[in-house]
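All remarks here apply to the structure that follows.
In the numbering used here, the protein residues as written are 10 to 170.
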């Protein structure tokens with residue numbers, strides 16, 4: 010891979026989704042999703058096109074003009090995911106993004122994240138403490154203890170040892 014340690018964080022091509030969503034309450038769904046593109050000075054026509062694409066991808070059509078406080082937890086998580094994807098990252102980092110959601114919504118979003126990951130062929134690092142989530146979303150699993158990798162392999166390899 011490429012050494013990016015000398016590259017400014019905002020130019021590393023990493024999309025991030027946090028457990029807390031980190032959405033702007035004063036912006037609409039479309040405004041939250043467009044934020045990163047505006048910071049990159051992308052032309053307005055391109056912003057509108059790309060925002061529409063990711064809204065369709067995360068199945069939030071019809072919610073573009075709503076403020077995020079009017080959305081469910083699952084919908085807010087989709088906004089956070091769309092905001093990370095719209096900038097077309099090389100790597101997507103998800104830090105326990107589903108832990109605050111109820112089990113049914115969580116399962117649905119796991120499947121949706123996996124679908125999007127495969128559709129976009131996007132390298133994704135998904136941090137979780139949930140074994141089922143790791144099984145559902147991963148090609149490879151890294152088990153860490155004290156900040157060190159203690160085991161790695163396919164889901165089958167990890168869970169049969």
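Ideal Cβ placement from N, Cα and C applies to all residues, glycine included.
The model shown is predicted, which means the values in this text are computed figures rather than measured ones.
Could you pull the start and end residues of the beta strand (DSSP E) that residue i belongs to?
i: residue 133; result: 132-136
i: residue 161; result: 157-162
i: residue 150; result: 150-154
i: residue 23; result: 23-27
Cα-Cα, which of the options is closest to residue i?
i: residue 80; options: 19, 33, 104 and 102; result: 33
i: residue 91; options: 114, 64 and 145; result: 64
i: residue 39; options: 159, 67, 72 and 137; result: 72
i: residue 146; options: 121, 43 and 160; result: 121
i: residue 110; options: 139, 127 and 99; result: 139
i: residue 74; options: 30, 42 and 100; result: 42
i: residue 166; options: 148, 123, 78 and 137; result: 148
Is residue i buried or exposed, if buried means 16 or more other CB atoms sit within 10 Å of its CB?
i: residue 158; result: exposed
i: residue 88; result: buried
i: residue 35; result: exposed
i: residue 119; result: buried
i: residue 127; result: exposed
i: residue 99; result: exposed
i: residue 62; result: exposed
For the region 34-100, which segments carrying the beta strand (DSSP E) assignment without a break, of at least 3 residues, lie completely within its bounds, in sequence order?
Segments of the beta strand (DSSP E) lying fully in the region 34-100: there are none.
- prompt: Are at least three pairs of beta-carbons, each pair with one atom in the region 130-141 and one in the region 48-63, less than 8 Å apart?
  reply: no
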